[in-house]
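Asks:
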Amino acid sequence: MSAPQPLVVTHPLAQIHLTAMRRKETPPGQFRWHLHRLAEILFTVASRGLETAEVTIQTPLAETEGQTFARPIVLVPILRAGLGLSDAIHALVPEAVVAHIGIARCEETAQPRPYYAKLPVVLYEADVFVLDPMLATGGSASFTLRQLKNAGAERLTFISVVSSPQGLEALHETHPDVPVVTAAIDEGLNENFYIVPGLGDAGDRCFGT
525 MSAPQPLVVT HPLAQIHLTA MRRKETPPGQ FRWHLHRLAE ILFTVASRGL
575 ETAEVTIQTP LAETEGQTFA RPIVLVPILR AGLGLSDAIH ALVPEAVVAH
625 IGIARCEETA QPRPYYAKLP VVLYEADVFV LDPMLATGGS ASFTLRQLKN
675 AGAERLTFIS VVSSPQGLEA LHETHPDVPV VTAAIDEGLN ENFYIVPGLG
725 DAGDRCFGT
């Protein structure tokens with residue numbers, strides 16, 4: 525199966541928010557604000573193909589036809605940095621279910637170390653969006669997608685702020701059916717497996733730790 529090409533969101537607003545996040549002087553409060561605004565843009569693009577169903581509603585003046593989502597929506601932030609994306613996106617789709625997957629990265633090997641998972645029973649029928657600001661080695665993303673598929677998820681999309689070529693290649697090899705929506709594809713990884721030029725540790729910068 526050929527993998528869909530990653531969709532890089534080059535909208536000027538997206539790139540302005542990304543630039544603010546990259547700047548090392550940006551404090552956590554502003555970093556979070558720009559991350560939330562960028563998350564809204566990325567999700568708007570990533571969700572544009574969602575199927576809808578017609579519903580009949582009553583306005584103050586008359587009955588009319590409208591739209592509702594055809595399937596449940598599940599947001600899956602990879603803890604902890606993914607929370608910065610899910611908080612903003614959940615405000616756009618408050619009826620969405622939020623699952624959580626906790627994965628720590630071994631700093632020596634960059635291998636994922638899972639430590640928590642709370643998944644809903646509606647995965648098999650839902651449109652599922654996996655959220656992680658940084659797609660670096662692709663280890664955590666690949667592990668998360670495999671876990672979700674094993675739990676029944678079939679319609680998956682991965683949303684990141686910054687991606688590396690190595691991470692995209694890893695997802696291409698392990699999950700060629702999963703589209704990736706990102707704001708940038710950077711040069712690559714350094715010796716510590718951080719994305720360069722990147723924006724640093726997204727979790728630390730988002731939460732000030």
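Sequence positions in the sequence shown follow my numbering and run 525 to 733.
Built from N, CA and C at the ideal position, the CB exists for glycine as well.
Keep in mind that this is a model prediction, so the values were computed, not measured.
To the nearest angstrom, how far is it from the Cα of P636 to the Cα of F667?
Replies: The alpha-carbon atoms of P636 and F667 are separated by roughly 8 Å.
Asks: For the alpha helix (DSSP H) containing F567, name the first residue and the last one.
Replies: Where F567 is concerned, the enclosing alpha helix (DSSP H) stretches over P552 to A570.
Asks: Rank Q671, E678 and L607 by C-alpha distance to the C-alpha of M658 and give the top, closest one.
Replies: Comparing Cα positions, the closest option is L607.
Asks: From R561 to A612, what does the alpha carbon distance come to, in whole angstroms?
Replies: The alpha-carbon atoms of R561 and A612 are separated by roughly 7 Å.
Asks: For the stretch 615–625 against the stretch 591–600, are there 3 or more C-beta pairs whose distance is under 8 Å?
Replies: The stretch 615–625 is in contact with the stretch 591–600.
Asks: Round the Cβ separation of F682 and L672 to the nearest angstrom and send it over; I've been treating them as touching at under 8 Å.
Replies: Their Cβ separation, rounded to whole angstroms, is 10 Å, which puts F682 and L672 out of contact at 8 Å.
Asks: Output yes or no for whether 7 Å exceeds the beta carbon distance between V645 and L669.
Replies: No, Cβ-Cβ distance for V645 and L669 is not below 7 Å.
Asks: Measuring only the C-alpha atoms, how far is P638 from T583?
Replies: C-alpha separation (whole angstroms): 48 Å.
Asks: Nearest CA to the CA of H535: which residue from T576, A707 and P721?
Replies: Nearest of T576, A707 and P721 to H535, Cα basis: A707.
Asks: Can you tell me whether DSSP reads T543 as helix, strand or coil?
Replies: Three-state DSSP puts T543 in a helix.
Asks: From which residue to which residue does the alpha helix (DSSP H) around K673 run?
Replies: K673 -> alpha helix (DSSP H) spans G663 to N674.
Asks: Helix, strand or coil, according to DSSP, for Y648 in the structure here?
Replies: In this structure, Y648 counts as helix in the three-state DSSP scheme.
Asks: Where are the beta strand (DSSP E) runs, 3 residues long or more, that stay fully inside the stretch 666–730, in chain order?
Replies: Within the stretch 666–730, the complete beta strand (DSSP E) runs of at least 3 residues are 679–683 and 704–706.
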